[in-house]
Amino acid sequence: MRVKIKDIPENGLSVNFAIPKEEVKGRDYWELASELAVSGKLARTSMSVIIELLCKADKNILCARCLEKVLLPYEISFTRSQSFDSLDREIDLKSIIFQEVELSIPVKELCKDDCKGICPICGVDLNKQDCNCARSAGINRKLIR
Ligand SMILES: [Zn+2]
Ligand SMILES: [Zn+2]
């Protein structure tokens with residue numbers, strides 16, 4: 322999605338488009354599950370273009386704690402100002418969006434804030450079932466004493 326600066330009217334230009342998920346680079350634990358819906362506005366001053374965008378999609382993540390693959394909503398919004406030296410220049414909205422998406426991907430994702438993770442002893446997913454490891458570790462400690 323490229324926009325010529327001279328095509329941005331005084332009162333701004335509304336944009337609304339979608340980027341196929343295949344074009345959005347993810348990580349091995351993070352990928353889009355739907356197209357990225359983009360909406361927003363471009364406004365022009367004498368020397369720069371103010372870009373205000375909202376991007377929405379669904380994402381597939383691999384939880385860093387329980388290792389489950391989970392579908393979650395994804396949303397980012399940002400404002401950028403891009404200076405220009407000539408009205409003939411173009412703004413490449415896609416490359417700006419790709420940079421912002423890249424910045425938005427966390428070092429690790431969790432399926433939910435209070436994910437209990439996997440028991441380090443028996444390996445069960447503690448979100449789905451309880452195990453006795455913590456309890457028996459407690460008993461063992463009592464026996465030792
Ligand atoms: Zn989890
Ligand atoms: Zn366990």
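At position 104 of the sequence shown (counting the first as 1) the number is 425 in my numbering, and the numbers step up by one without a gap.
Beta carbons are placed, not taken as given, at the ideal position from N, Cα and C, and that holds for glycine.
Keep in mind the model is a prediction, meaning the values are calculated, not measured.
Does any heavy atom of ligand 2 sit closer than 7 Å to the C-beta of residue i?
i      : result
Ile371 : no
Can you tell me the Cα-Cα spacing of residue i and residue j, whole angstroms?
i      : j      : result
Lys327 : Lys429 : 41 Å
Phe419 : Ala455 : 44 Å
Thr366 : Asp413 : 18 Å
Ser369 : Phe405 : 6 Å
Ser407 : Val422 : 28 Å
Thr341 : Asp379 : Just to set this straight, residue 341 is Pro in the shown sequence, not Thr. Using only the alpha carbons, I get a separation of about 12 Å.
Phe338 : Leu393 : 21 Å
What I want to know is whether the C-beta of residue i ends up closer than 7 Å to one or more non-hydrogen atoms of ligand 3.
i      : result
Thr400 : In the structure on display, ligand 3 does not appear, and the ligands it does have are ligand 1 and ligand 2.
**OP:** Mind listing which residues have their beta carbon within less than 5 Å of any non-hydrogen atom of ligand 1? Chain order is fine.
**Re:** Having a Cβ closer than 5 Å to some heavy atom of ligand 1 are Cys384, Arg386, Cys387, Cys432 and Cys436.
**OP:** Closer than 5 Å is what we want: which residues have a beta carbon that near any heavy atom of ligand 2? List them in chain order.
**Re:** Checking every Cβ against the heavy atoms of ligand 2 under 5 Å gives Cys440, Ile442, Cys443, Cys452 and Cys454.
Original post:
Touch check for the segment 370 to 385 and the segment 343 to 360: three-plus C-beta pairs under 8 Å?
Top reply: Yes, the segment 370 to 385 is in contact with the segment 343 to 360.
Subject >> Stretch-stretch touch, CB-based, cutoff 8 Å, three pairs: the segment 337 to 356 with the segment 439 to 458 >> reply: Counting Cβ pairs under 8 Å, fewer than three are found: no touch.
**OP:** Mind listing, in chain order, the continuous alpha helix (DSSP H) runs of no fewer than 4 residues lying wholly within the segment 383 to 422?
**Re:** Listed in chain order, there is nothing to give.
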